[in-house]
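A.B. asks: I am attaching a structure below and will ask some questions about it afterwards.
Quick look at the structure:
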């Protein structure tokens with residue numbers, strides 16, 4: 005039996021906090037942006053009431069290896085990113101054509117998930133498959149991992165189909181499948197042998213068996229509805245979690261040998277995979293999606309207020325924050341503490357002024373930043389600039405960003421018919437004065453007290469993320485407060501984002517939130533309210549804590565959970581229809 | 007065998023189009039009435055507030071600053087006020103008040119008239135796809151949904167068109183990609199003696215893919231079957247589009263679409279050109295052009311829409327209301343009106359039957375919000391109909407506070423697609439009276 009760490013009990017009683025919010029935050033003015041679909045929790049909350057602070061399930065059951073509770077499994081289609089990575093490893097080609105695919109669904113603020121198909125996707129996928137397979141005849145050995153021969157014979161074609169199909173579909177093919185593809189090959193072969201191979205290969209790359217990560221094997225454990233994820237399915241779960249790409253030959257061999265069923269075997273594979281360069285790509289995409297780095301690269305600012313901010317600056321800021329993460333994971337200690345408090349930045353000539361250092365570098369280069377001005381990713385200028393208006397900082401968006409991304413709390417949408425207006429920039433007035441209306445109006449005060457109090461702590465950073473000492477005619481007032489936190493150590497007043505970041509770095513709520521974000525990314529869903537995921541989260545939290553909050557150990561820990569190692573047996577057709 | 011690259015294909019089409027006189031008699035209208043087309047133009051976040059609305063009604067109405075660029079085609083448009091999305095305000099019993107913010111709800115309601123789902127999608131089909139299912143099955147593409155934005159984030163506020171519940175039709179953003187989807191495989195008349203080898207190949211491969219989908223589907227739960235159904239539907243439409251022989255018909259002009267770097271205005275212009283050509287060549291009868299997204303981030307220009315001022319975000323500006331912001335927004339919405347005018351002019355320049363392509367095209371320019379800084383949608387959400395002969399044109403009519411679902415029903419009826427009501431109307435079933 006698994007024992008819950010004692011601190012988790014604080015999260016096990018979210019009702020108290022939720023009811024506190026309900027009185028404090030009724031009829032609030034929330035964020036004016038819609039960039040964050042809030043997912044199920046926001047959806048279930050009555051209008052005017054806040055969502056549950058953290059999607060932490062209440063542990064209502066005993067965590068017991070004999071009765072795993074995996075929660076619902078989501079059938080996932082390869083996203084654009086996963087398609088491109090997969091093609092790169094499967095064919096050794098860059099599938100730039102994936103850029104013509106429609107955007108993937110976005111859930112929980114920013115994580116991409118492949119779900120359905122559409123005509124534009126089917127069309128683009130067909131053209132990509134045709135283009136990618138045109139030289140298949142020269143690639144039969146490479147693409148089948150050495151299992152095919154090069155003679156223009158049906159026997160060699162069959163070996164190619166079986167070998168290439170097994171890599172593309174991430175599992176061995178059954179005889180019927182080879183036969184069906186051989187039939188397609190035969191039709192193409194009336195033109196030429198190479199054509200026959202092209203037809204089969206293009207079909208393999210358009211099949212749902214390629215596009216969807218299908219999990220249908222295995223039997224439920226006795227007395228449960230939990231099915232152990234089978235070897236080849238587990239290989240894909242691991243590879244798309246850590247690499248966002250297909251399994252490698254070692255994973256395939258482990259799957260074939262039945263060496264992905266024990267928890268320790270899965271964890272050992274995960275540790276091996278984290279050392280592979282492919283993990284750089286996979287984990288970079290977790291951070292990029294979690295904190296929406298792409299939005300940084302697309303920023304524009306008011307040209308009068310910030311004449312030197314160009315599209316090049318925006319691109320450099322995006323590269324800088326990506327380099328920060330890359331360095332943290334691969335050259336530093338990859339701890340949560342360093343993520344939140346590192347005093348280094350990645351600077352080039354375009355961004356040097358914003359960082360407050362001098363640099364002529366043409367690529368983002370690691371530099372120590374002026375003492376006391378920055379702490380970790382929260383004060384990264386790209387992140388700050390992305391949570392600002394074009395002319396001025398935005399305490400609202402910065403506060404909400406911290407709340408959603410690092411505290412896993414949320415607030416309801418603004419009520420109807422409020423004047424959700426950006427305050428005018430009035431010379432001489434500080435940001436705090438301009439945003440005073442939000443907190444003066446009782447209709448707005450509840451939520452704005454939560455958001456703005458957090459966001460005012462970032463007032464040392466202007467709309468492009470540069471450090472400043474004066475705001476308007478007065479020295480910057482960067483006092484703020486964490487209101488409504490679920491964590492005593494986090495709650496209360498603070499001065500400046502550096503202090504806030506240091507407090508978050510120590511906070512149990514922030515660390516659990518980190519685990520939750522990794523779960524959402526890895527499982528493409530939220531934690532279940534039902535309690536099914538309580539043990540999963542407890543396993544992640546415990547491993548994270550034991551490792552001294554090493555992110556690498558958190559990444560591995562998910563692979564040891566019920567949610568990752570099992571799937572709930574699919575219910576019989578309940579005729580709910582597709583709208584539900 | 008050879009796969010033809012897009013560039014080769016484009017040059018082939020262009021060469022063929024230049025060399026062959028367009029003499030496909032089967033497609034010369036006159037004896038039979040030309041088909042009706044539907045084009046929906048969506049520009050988000052309303053007209054800032056009600057000042058887009060003409061102050062007088064009837065035939066003599068004066069255009070406002072935001073509508074001024076429509077002056078040259080004033081006799082082709084029907085401006086409607088007094089129509090809004092009543093479901094977005096308050097607790098109306100619509101059923102999705104708690105499922106998303108107003109931007110997302112208003113955006114998804116716009117063409118569907120039904121509640122959104124918890125995962126920020128529509129719970130039902132959109133009017134363009136509903137009409138396309140009725141009138142689009144004989145053309146190469148059942149519909150053509152185009153988008154204007156430099157990147158596509160698959161959020162609900164960028165998904166306007168739905169093939170069914172929770173089954174969005176994502177727009178195609180790249181003009182070059184869209185051009186390929188429309189004109190690839192379209193061949194000059196007379197059909198050449200050598201059949202295009204890609205047709206047989208694609209038919210066989212897509213047959214195989216459909217078989218795989220059926221087999222996989224049988225092993226899945228009901229929710230997951232819906233996902234495979236969406237693939238099946240997509241592959242069926244794809245197969246129809248790439249295997250039905252489509253000919254370059256009389257009068258059909260294959261456009262030259264070379265737009266490949268992103269720019270709001272240039273992309274919008276390319277999309278308009280492609281849409282007109284697709285209608286003219288009868289390759290589709292239903293089109294949507296959607297610009298930007300509903301709402302937006304603070305600094306995320308990439309998904310906002312403002313073709314006029316590079317550094318001013320549409321959504322951000324919509325939340326300001328000083329004189330400068332108003333002037334900028336008027337300029338932006340006037341750009342949108344000018345875009346509509348250019349589409350009207352292009353359709354009018356194409357002769358068809360005894361009239362022009364415009365006479366056979368119902369254009370509906372719409373948006374989601376009425377007042378952007380309060381996210382209000384109740385009344386006076388900007389609506390302009392245009393084109394289709396029989397429409398009461400050259401007028402501004404005040405509908406007096408009707409729900410936009412009634413307008414959705416009217417769109418179906420104007421297109422000759424019978425339906426008693428579309429969506430979930432809050433102000434009663436039936437369409438709007440007095441449009442024709």
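Residue numbers (the numbering used here), protein chains in the order written: chain A, 5 to 584; chain B, 7 to 442. Glycine included, each C-beta is placed from N, C-alpha and C at the ideal position. Since this is a predicted model, take the numbers as computed values, not measurements.
1. Could you compute how far the alpha carbon of residue 258 of chain A sits from the alpha carbon of residue 135 of chain A?
2. Give the C-beta separation of residue 519 of chain A and residue 541 of chain A to the nearest angstrom, bearing in mind that I take them to be a contact with Cβ-Cβ under 8 angstroms.
3. If you count every other CB in all the chains shown that lies within 10 Å of the CB of residue 473 of chain A, and 16 or more means buried, which is it?
4. Along the chain, where does the alpha helix (DSSP H) containing residue 82 of chain B start, and where does it finish?
5. Under 8 angstroms between the Cβ atoms of residue 217 of chain A and residue 536 of chain A?
6. With distances taken between CB atoms, is the gap from residue 397 of chain A to residue 463 of chain A smaller than 8 angstroms?
7. Could you tell me which of B:72, B:115, B:106, B:284 sits nearest to residue 92 of chain B, measuring between CA atoms?
8. First and last residue of the alpha helix (DSSP H) that includes residue 127 of chain A?
9. Quick one: what does DSSP say residue 401 of chain B is sitting in, helix, strand or coil?
10. Would residue 244 of chain B count as contacting chain A if we go by Cβ distances under 8 angstroms?
11. Quick one: what's got a C-beta closer than 7 angstroms to residue 145 of chain A's C-beta in the same chain, skipping five residues either side?
12. Beta-carbon separation of residue 505 of chain A and residue 380 of chain A under 8 angstroms?
13. Between the beta-carbon of residue 521 of chain A and the beta-carbon of residue 294 of chain A, is there less than 8 angstroms?
14. Secondary structure at residue 296 of chain B, three-state DSSP: helix, strand or coil?
15. State yes or no: is the beta carbon of residue 141 of chain B nearer than 8 angstroms to at least one beta carbon in chain A?
16. Here's a check: name, in chain order, each residue in its chain whose Cβ is nearer than 7 angstroms to the Cβ of residue 44 of chain A, leaving out the five neighbours to either side.
17. Along chain A, in chain order, which residues have C-beta atoms closer than 9 angstroms to that of residue 268 of chain B?
18. Do you know whose CA, among B:440, B:236, B:66, B:399, lies nearest residue 419 of chain B's CA?
19. If you measure from the beta carbon of residue 423 of chain B to each beta carbon in chain A, is any gap under 8 angstroms?
20. Is residue 130 of chain A close to chain B, meaning its C-beta is less than 8 angstroms from at least one C-beta of that chain?
21. Using the beta-carbon of each residue, which ones in chain B are nearer than 7 angstroms to residue 120 of chain A?
22. Could one say the Cβ of residue 410 of chain B lies closer than 8 angstroms to chain A's Cβ atoms, at least one of them?
23. With a threshold of 8 angstroms between beta carbons, is residue 110 of chain A in contact with chain B?
24. Are residue 271 of chain A and residue 564 of chain A close, meaning C-beta to C-beta below 8 angstroms?
25. Taking Cβ-Cβ distances shorter than 7 angstroms, what residues in chain B pair up with residue 213 of chain A?
26. Please confirm whether residue 314 of chain B and residue 279 of chain B have their CB atoms less than 8 angstroms apart.
27. Residues of chain A with CB closer than 8 angstroms to the CB of residue 187 of chain B, please, in chain order.
28. Can you tell which of B:359, B:168, B:121, B:157 has its C-alpha closest to the C-alpha of residue 139 of chain B?
29. Roughly how many angstroms separate the alpha carbons of residue 100 of chain A and residue 207 of chain A, rounded to a whole number?
30. Under 8 angstroms, do residue 90 of chain B and residue 376 of chain B count as touching if we go by C-beta distance?
31. Is residue 305 of chain B close to chain A, meaning its C-beta is less than 8 angstroms from at least one C-beta of that chain?
32. Name, please, each residue of chain A whose Cβ falls closer than 8 angstroms to the Cβ of residue 176 of chain B.
33. What did DSSP end up calling residue 429 of chain B once you bin it into helix, strand or coil?
34. Got a sec, what are the start and stop residues for the beta strand (DSSP E) residue 392 of chain B sits in?
35. Give a yes or no on whether the C-beta atoms belonging to residue 122 of chain B and residue 105 of chain B are separated by under 8 angstroms.
36. Taking 8 angstroms as the CB-CB cut-off, is residue 242 of chain A touching chain B?
C.D. replies: Concretely, from the data shown:
1. Numbered from its first residue, the first chain carries residue 258 of chain A at position 254. Numbered from its first residue, the first chain carries residue 135 of chain A at position 131. Near 32 angstroms, if we compare the C-alpha coordinates of residue 135 of chain A and residue 258 of chain A.
2. Here residue 519 of chain A corresponds to residue number 515 of the first chain, with the count starting at 1. Here residue 541 of chain A corresponds to residue number 537 of the first chain, with the count starting at 1. Contact holds; Cβ gap of about 7 angstroms.
3. Your numbering for residue 473 of chain A matches position 469 in the first chain. So residue 473 of chain A counts as exposed.
4. The sequence position of residue 82 of chain B within the second chain is 76, counting from 1. Where residue 82 of chain B is concerned, there is no enclosing alpha helix (DSSP H), given that its DSSP letter is neither H nor E.
5. Residue numbering aside, residue 217 of chain A sits at position 213 when the first chain is read from its first letter. Residue numbering aside, residue 536 of chain A sits at position 532 when the first chain is read from its first letter. Against a cut-off of 8 angstroms, the Cβ pair of residue 536 of chain A and residue 217 of chain A comes out as no contact.
6. For the purposes of this step, residue 397 of chain A is taken as residue 393 along the first chain, with counting starting at 1. For the purposes of this step, residue 463 of chain A is taken as residue 459 along the first chain, with counting starting at 1. Yes, the pair counts as a contact, with Cβ atoms nearer than the cut-off.
7. In the second chain, the residue the question calls residue 92 of chain B occupies position 86. Nearest option by C-alpha distance: B:115.
8. Reading the first chain from its first residue, position 123 is the one you call residue 127 of chain A. According to the DSSP assignment, residue 127 of chain A belongs to the alpha helix (DSSP H) that extends over 123 to 136.
9. Here residue 401 of chain B is taken as the residue at index 395 of the second chain, counted from 1. Three-state result, residue 401 of chain B: strand.
10. As a first step, residue 244 of chain B must be located in the second chain, where it is residue number 238. Chain A contact via Cβ: present.
11. Taking the first residue of the first chain as position 1, residue 145 of chain A is located at position 141. Around residue 145 of chain A: 152, 154.
12. As a position in the first chain, residue 505 of chain A is number 501, starting the count at 1. As a position in the first chain, residue 380 of chain A is number 376, starting the count at 1. Contact flag set, yes.
13. In the first chain, the residue the question calls residue 521 of chain A occupies position 517. In the first chain, the residue the question calls residue 294 of chain A occupies position 290. A contact, by the Cβ cut-off of 8 angstroms.
14. Here residue 296 of chain B refers to the residue found at position 290 of the second chain. Here residue 296 of chain B sits in strand by DSSP.
15. Locating residue 141 of chain B in the second chain gives position 135, where the first residue counts as 1. Not closer than 8 angstroms to any Cβ of chain A, the Cβ of residue 141 of chain B fails to qualify, so no.
16. In the first chain, the residue the question calls residue 44 of chain A occupies position 40. Unreliable positioning characterises residue 44 of chain A in this predicted model, as indicated by a pLDDT of 28, which lies under 50. The coordinate reading is nonetheless provided below. 530.
17. Locating residue 268 of chain B in the second chain gives position 262, where the first residue counts as 1. Under the 9 angstroms cutoff, chain A gives no residues; its nearest Cβ is about 11 angstroms from residue 268 of chain B.
18. Working through the second chain from its first residue, we reach residue 419 of chain B at position 413. Residue B:440 is the option with its Cα nearest to residue 419 of chain B.
19. Here residue 423 of chain B refers to the residue found at position 417 of the second chain. Taking Cβ atoms only, chain A never reaches closer than 8 angstroms to residue 423 of chain B, which makes this a no.
20. Numbered from its first residue, the first chain carries residue 130 of chain A at position 126. It does; some Cβ of chain B falls within 8 angstroms.
21. Taking the first residue of the first chain as position 1, residue 120 of chain A is located at position 116. Within 7 angstroms Cβ-Cβ: 173, 233, 236.
22. As a working note, residue 410 of chain B is residue 404 in the second chain. Output row for residue 410 of chain B: interface = no.
23. Here residue 110 of chain A refers to the residue found at position 106 of the first chain. Taking Cβ atoms only, chain B reaches closer than 8 angstroms to residue 110 of chain A, which makes this a yes.
24. Position 267 of the first chain, counting from 1, holds the residue named residue 271 of chain A. Position 560 of the first chain, counting from 1, holds the residue named residue 564 of chain A. Yes, Cβ-Cβ distance for residue 271 of chain A and residue 564 of chain A is below 8 angstroms.
25. Residue mapping note: residue 213 of chain A aligns to position 209 of the first chain, counting from 1. Here the neighbours are 218, 222.
26. Taking the first residue of the second chain as position 1, residue 314 of chain B is located at position 308. Taking the first residue of the second chain as position 1, residue 279 of chain B is located at position 273. For residue 314 of chain B and residue 279 of chain B, no; Cβs fall outside 8 angstroms.
27. Here residue 187 of chain B corresponds to residue number 181 of the second chain, with the count starting at 1. Chain A residues near residue 187 of chain B: 124, 127.
28. For the purposes of this step, residue 139 of chain B is taken as residue 133 along the second chain, with counting starting at 1. Considering only alpha carbons, the answer is B:168.
29. Position 96 of the first chain, counted from the first residue, corresponds to residue 100 of chain A. Position 203 of the first chain, counted from the first residue, corresponds to residue 207 of chain A. Straight-line measurement puts the Cα of residue 207 of chain A at about 19 angstroms from the Cα of residue 100 of chain A.
30. Within the second chain, numbered from 1, the residue matching residue 90 of chain B stands at position 84. Within the second chain, numbered from 1, the residue matching residue 376 of chain B stands at position 370. Using a Cβ distance threshold of 8 angstroms, residue 90 of chain B and residue 376 of chain B count as a contacting pair.
31. As a first step, residue 305 of chain B is located in the second chain; it is residue number 299 there, counting from the start. With a pLDDT of 47 at residue 305 of chain B, under the threshold of 50, the modelled position of that residue is not reliable, and the figure given next carries that caveat. Yes, because at least one Cβ of chain A sits closer than 8 angstroms to the Cβ of residue 305 of chain B.
32. As a working note, residue 176 of chain B is residue 170 in the second chain. What residue 176 of chain B touches in chain A: 106, 107, 122, 124, 125.
33. Indexing the second chain from 1 puts residue 429 of chain B at position 423. Reduced to three states, the DSSP call for residue 429 of chain B is coil.
34. Numbered from its first residue, the second chain carries residue 392 of chain B at position 386. Segment 389 to 393, the beta strand (DSSP E) holding residue 392 of chain B.
35. As a working mapping, residue 122 of chain B is identified with position 116 in the second chain. As a working mapping, residue 105 of chain B is identified with position 99 in the second chain. A Cβ-Cβ contact shorter than 8 angstroms links residue 122 of chain B with residue 105 of chain B.
36. Position 238 of the first chain, counted from the start, is the residue given in the question as residue 242 of chain A. No, its Cβ sits nowhere closer than 8 angstroms to a Cβ of chain B.
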